[in-house]
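One structure is given below, encoded as structure tokens.
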Amino acid sequence: MIRSKQIQRPQLVLVVDDHEINRDAIGVILEDDYEVIYAENGKEALELINTHVDALSLVLLDLMMPIMTGFEVLDIVQHDERLKSIPIIVLTADKSAELEALQMGAADFITKPFDMPEVILARVGRIIELSEGRALINAAEHDRMTMLYSRNFFFEYASRLYHYHPELRFDAVVINIEQFHSINALNGREFGNEVLRTLGDEIRCFLAETDGIASRIEADRFEIYCAKQPDYRAMLARFQERVNRISPKVKIQLRMGVKPWKEGVDPVLLFDRARTACNLVRGDFQNPLMIYDEELRHKELMNQRLLNDLLTATVEQHFRVYYQPKYNIKCNPPRLSSAEALIRWDHPELGLISPAKFVPLFEGNGLIGIVDSYVWQEAARQVAEWKEKYDFVLPVSVNISRSDVFDPTLEERLISLVEDNRLEYENIKLEVTESAYTDNAKHVLDVIGRLRGLGFEIEMDDFGSGYSSLNMLSDMPFDVLKMDMKFIRNIENSETDRRLVSLILDIARYLDVKVVAEGVETEGQLEILKNGSCDLVQGYYFSRPLPPEEFEKLIEREIELASLRKE
Ligand code: C2E
Ligand code: MG
Ligand code: MG
């Protein structure tokens, strides 16, 4: 069998001594196992070390030599990043020099005169083996791109610092690059690598000034375990300023999450939280720094709780559907024209929870489909019940989430909703938020277009909060535009807002769609909208969202008014 060692080239050893007799003596011992090269003084040795830096396994170095001594060589090699990993064994007859050489970085020493060849061979072999092992560890220990610690070593060292140096009280800092994949895709991988290296360099500069360690955990995620900083905004600004200098053409935006030290919280958990904080400011160019505090912790715990409780809530029916009326203000008095179904979570321990607390959470992971399904079913059942009970059809609109639009069974589900409850398509309206339209335009337009073709009335929700341009709007399939609440809030006091609202009403006329104004709370707001010939109004002015039993009073009054009109 051929051992792998035998098929490799022999390892290269440099022997440095000003006496030929010494060089020969060592040469004879080593030549069977190693490839040996020789130098007569320190200067020659340095030249050879530099030429063979990648191949050299070991240097045997005499200390006392003319031109340049072994001490000088040791000193230069130890201070050169490229050379310092080459192990050096010093050759000396002077006992007192051994300690000094070891302190200067020598790996071992061999005493002159050379007596036992086996001992010398064993020492040489052992030092080479140790140094190769060390090189392997070094390669695994560091990320090649940035020379920061690799993930596993980082956490190992962080954990040791935490356990053996509790007095350090280090904070966890996570830094990410916004849209790093786009930076790569648009400017090439080499550019992306340069960004990573630059950030890595700056982090190493930072750590030269502050106690701590750092890692490029993966891709564009950097984690720093360091002494508490007086100003994290300034720390982020420093890194941001450095990456800004990479290219005037490419905008590179960093974001940062920090979890300050806390008694009894180990680095793994500390970094989990710092990561959460960092994720929360994703895409937030105004405020790219988040420090994880108690408030955030409670929010996270709450989110976790809601996620855990979702299944129970559906099985045990903790969800309630409330209805908020929309009034047609073109009639006098305004006429009840439809309602919006809005979800509430009647949690057995936490009480009534607003959708603002859980809808965005479930939208983020697709679970909103479960909630929406329930609301649609319940709303359709309710419309049918009222139709039966009052002989009065009150169309109800339901909210369609972004992720619903990507559900291939969406059309099927909505069709059976109408059929199973023996309703007409126009009895159910669909509210699709404006931002869903702009997300993945073609697919969304197709799906919504088909639903509209079936006879569902489509309302574009939160209009004005997204970024649809006018020419996009004219291609989008919808029947009603729901003006975002923020436009209404200040119309009584702000001339600008009044003009914006009137502009939206003009756009709607131009597109030949109706307008619902949401969030109308006062008589004054209502008057302005009436004068601007807005069609429908939804808001606390008429009614808050109500449970079905209470909503029935509005239906009953409407029926009464209708019969009065007939008389
Ligand atoms: P949205 O669809 O824009 O619903 C209108 C929100 O405005 C409702 O909040 C409603 O209670 C509130 N509102 C109505 N009139 C006024 C007013 O005069 N003043 C003020 N300040 N607020 C008013 P709610 O019920 O808390 O719902 C918030 C959001 O949660 C909804 O916004 C919608 O995006 C989402 N949501 C609610 N129910 C569902 C659902 O079943 N499915 C999905 N996917 N999302 C839902
Ligand atoms: Mg809505
Ligand atoms: Mg809305």
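Under this note's numbering, think of the first position of the sequence shown as -15, with each following residue one higher. By construction, the Cβ of each residue, glycine as well, lies at the ideal position given by its N, Cα and C atoms. If you're wondering where the values come from, they're calculated on a predicted model, not measured in any experiment.
Quick one: what's residue i bridged to in DSSP?
i, result
"M444", "V416, L465"
"S322", "K310"
"S199", "Y133, E207"
"T95", "T76"
"G335", "H331"
"E369", "Paired residue(s): none; E369 is not in a bridge."
"Q522", "E502"
"H149", "Answer is none; H149 lacks a bridge partner."
"G46", "The sequence given here has Asp at residue 46, not Gly. L75, per the DSSP bridge assignment."
"V485", "Answer is none; V485 lacks a bridge partner."
"L(-4)", "E19, L40"
"H126", "Y133"
So, with DSSP's three-state summary, where would you put residue i?
i, result
"V158", "strand"
"M240", "strand"
"V500", "strand"
"E540", "helix"
"F535", "helix"
"S231", "coil"
"F138", "helix"
"E24", "coil"
"V265", "coil"
"M456", "helix"
"H302", "coil"
"N559", "Nothing can be reported for residue 559, as the shown portion of the chain is limited to -15 through 551."
"V428", "helix"
"H36", "coil"
"S41", "strand"
"N474", "coil"
"I51", "coil"
"D250", "coil"
"I(-9)", "The pLDDT assigned to I(-9) is 42, lower than 50, so where the model puts this residue is not dependable, and the model offers no usable value."
"I70", "coil"
"M274", "strand"
"H63", "coil"
"L378", "coil"
"L530", "strand"
"L407", "coil"
"F342", "helix"
"Q224", "helix"
"S547", "helix"
"W245", "coil"
"A9", "helix"
"P101", "helix"
Quick check: residue i and residue j, are their CB atoms within less than 8 Å of each other?
i, j, result
"M240", "V179", "no"
"F255", "D204", "no"
"R135", "E82", "no"
"K243", "R257", "yes"
"I327", "V355", "yes"
"N411", "P379", "yes"
"S199", "Y133", "yes"
"Q(-5)", "I72", "no"
"R386", "E347", "yes"
"F55", "L67", "no"
"L429", "D459", "yes"
"L105", "L40", "no"
"D2", "N34", "no"
Could you check which residue in the options has the C-alpha nearest to that of residue i?
i, options, result
"D391", "V359, I352, N160", "I352"
"K27", "F154, I51, G11, N515", "I51"
"S527", "S452, L545, Y421, K310", "K310"
"F223", "T53, L538, V431, I187", "I187"
"L407", "Q361, E415, S385", "Q361"
"T130", "S143, N411, S69, E207", "E207"
"R473", "E443, V500, E4, T506", "T506"
"V227", "P251, T182, R266", "T182"
"R436", "S449, L132, L398, L454", "L398"
"K314", "V521, M100, A546, T393", "V521"
"D519", "R128, K498, L145", "K498"
"Y374", "D185, P318, Q237, E544", "E544"
"A192", "C210, D127, Y216", "C210"
"N515", "V305, P332, S486, H126", "S486"
Counting pairs of beta carbons, one from the segment 459 to 468 and one from the segment 483 to 495, are three or more of them closer than 8 Å? yes
Under 8 Å: do the segment 360 to 380 and the segment 335 to 347 share three or more Cβ pairs, one atom per stretch? no
Looking at C-beta atoms only, is the number of pairs between the segment 85 to 94 and the segment 118 to 125 that lie closer than 8 Å three or more? no
Quick test of the definition: if touching needs 3 or more C-beta pairs under 8 Å, does the segment 508 to 522 touch the segment 282 to 294? no
Examine the Cβ distances between the segment 258 to 275 and the segment 165 to 173 and report whether three or more of them are shorter than 8 Å. no
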